[in-house]
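These notes are about the structure you will find just below.
Written out as structure tokens, the structure is:
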């Protein structure tokens with residue numbers, strides 16, 4: 044009997060009297076200590092504000108939603124070929140299975156954490172960094188699952204990749220601990236990640252929960268730590 048491990052988891056113009064007119068060059072020189080850049084189109088970047096706008100995380104989320112709709116709502120043929128069958132697996136299933144989910148709760152739980160930690164990783168490493176982290180951790184989690192779990196197992200879900208993003212989001216911030224903001228982020232994110240990983244390890248050591256791939260969770264977290 045096959046078991047399916049669910050991887051849970053226009054700026055206003057001010058009119059001044061002629062005696063109080065300040066030139067643009069004078070204004071720029073006065074504000075230069077406070078602002079990092081001042082452009083002719085009136086766009087001001089304060090401090091070290093990032094120009095990057097997160098997009099990759101939403102693409103990953105959308106891919107999972109589309110896959111769920113096609114598979115679980117429209118029931119189109121061929122979707123099961125995206126699952127990772129441990130007995131006779133195909134190379135593409137190592138990645139495609141991370142976008143497949145067995146239920147709405149399975150999908151919702153993974154996408155919630157993917158949004159939070161995916162945004163966190165993308166803020167630090169950029170879009171390509173997030174995509175690489177997701178693919179690397181998800182594939183690594185599935186490879187270790189293939190080696191560890193019985194051949195009658197079928198693996199689906201993004202949680203192996205998500206657990207990898209847990210550790211990447213924390214470790215990627217350790218290089219800038221002189222910033223008090225980074226310290227707070229590491230503290231808040233770190234305590235959550237440590238508690239989840241320890242909970243997984245404890246559950247796995249006591250036999251685990253049927254239908255949950257604890258191996259993929261722990262493998263994904265380890266892969267994220269090793270990658271950073």
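In my numbering, the protein residues as written are 44 to 271. All C-beta atoms, glycine included, are put in the ideal place defined by N, C-alpha and C.
Residue 229: first and last residue of the uninterrupted alpha helix (DSSP H) it sits in: As a position in the chain shown, residue 229 is number 186, starting the count at 1. From DSSP, the alpha helix (DSSP H) with residue 229 extends over 223-248.
Apart from the five residues on each side of it in sequence, which residues of its chain come closer than 7 Å, Cβ to Cβ, to residue 132? Indexing the chain shown from 1 puts residue 132 at position 89. Within the same chain, residue 132 has close Cβ partners 189.
Is the region 101-117 in contact with the region 140-158, if contact means three or more CB pairs nearer than 8 Å? yes
Judging by CA-CA distance, which residue of 193, 168, 102, 169 is the nearest neighbour of residue 127? Sequence index remark: in the chain shown, residue 127 carries index 84 (1-based). It is 193.
DSSP three-state call for residue 128: helix, strand or coil? Along the chain shown, one-based indexing puts residue 128 at 85. Here residue 128 carries a strand assignment [DSSP, helix/strand/coil].
Could you tell me whether the region 129-146 touches the region 162-172, where touching means 3 or more Cβ pairs closer than 8 Å? no
Three-state secondary structure (DSSP) at residue 255? Indexing the chain shown from 1 puts residue 255 at position 212. Residue 255: coil per DSSP, three-state reduction.
Starting from the C-beta of residue 206, find all residues in its chain whose C-beta is less than 6 Å away, skip the five residues before and the five after it, and write them out in chain order. As a working mapping, residue 206 is identified with position 163 in the chain shown. Once the five neighbours on either side are set aside, the close Cβ partners of residue 206 are 260, 263, 264.
Between residue 100 and residue 161, what straight-line distance do the alpha-carbon atoms span, to the nearest angstrom? By 1-based counting over the chain shown, the position of residue 100 is 57. By 1-based counting over the chain shown, the position of residue 161 is 118. Approximately 6 Å, taken between the alpha carbons.
When you compare the CB positions of residue 204 and residue 258, do they come within less than 9 Å of one another, or not? Looking up residue 204 in the chain shown gives position 161. Looking up residue 258 in the chain shown gives position 215. Going by C-beta atoms, residue 204 is not nearer than 9 Å to residue 258.
By DSSP, does residue 198 sit in helix, in strand, or in coil? Translated into the one-based positions of the chain shown, residue 198 becomes position 155. Secondary structure of residue 198 (DSSP, three-state): strand.
Would you check if the distance between the CB atom of residue 97 and the CB atom of residue 170 is smaller than 9 Å? Reading the chain shown from its first residue, position 54 is the one you call residue 97. Reading the chain shown from its first residue, position 127 is the one you call residue 170. The answer is yes: Cβ separation under 9 Å.
Locate the alpha helix (DSSP H) running through residue 115, then write down its first and last residues. Here residue 115 refers to the residue found at position 72 when the chain shown is read from its first residue. Here residue 115 belongs to no alpha helix (DSSP H), and DSSP marks it neither H nor E.
What separation, rounded to the nearest whole angstrom, lies between the Cα atoms of residue 240 and residue 120? By 1-based counting over the chain shown, the position of residue 240 is 197. By 1-based counting over the chain shown, the position of residue 120 is 77. The alpha-carbon atoms of residue 240 and residue 120 are separated by roughly 36 Å.
Do residue 152 and residue 199 come within 9 Å of each other at the CB atom, strictly closer than that value? Locating residue 199 in the chain shown gives position 156, where the first residue counts as 1. Locating residue 152 in the chain shown gives position 109, where the first residue counts as 1. No, the pair does not count as a contact, with Cβ atoms beyond the cut-off.
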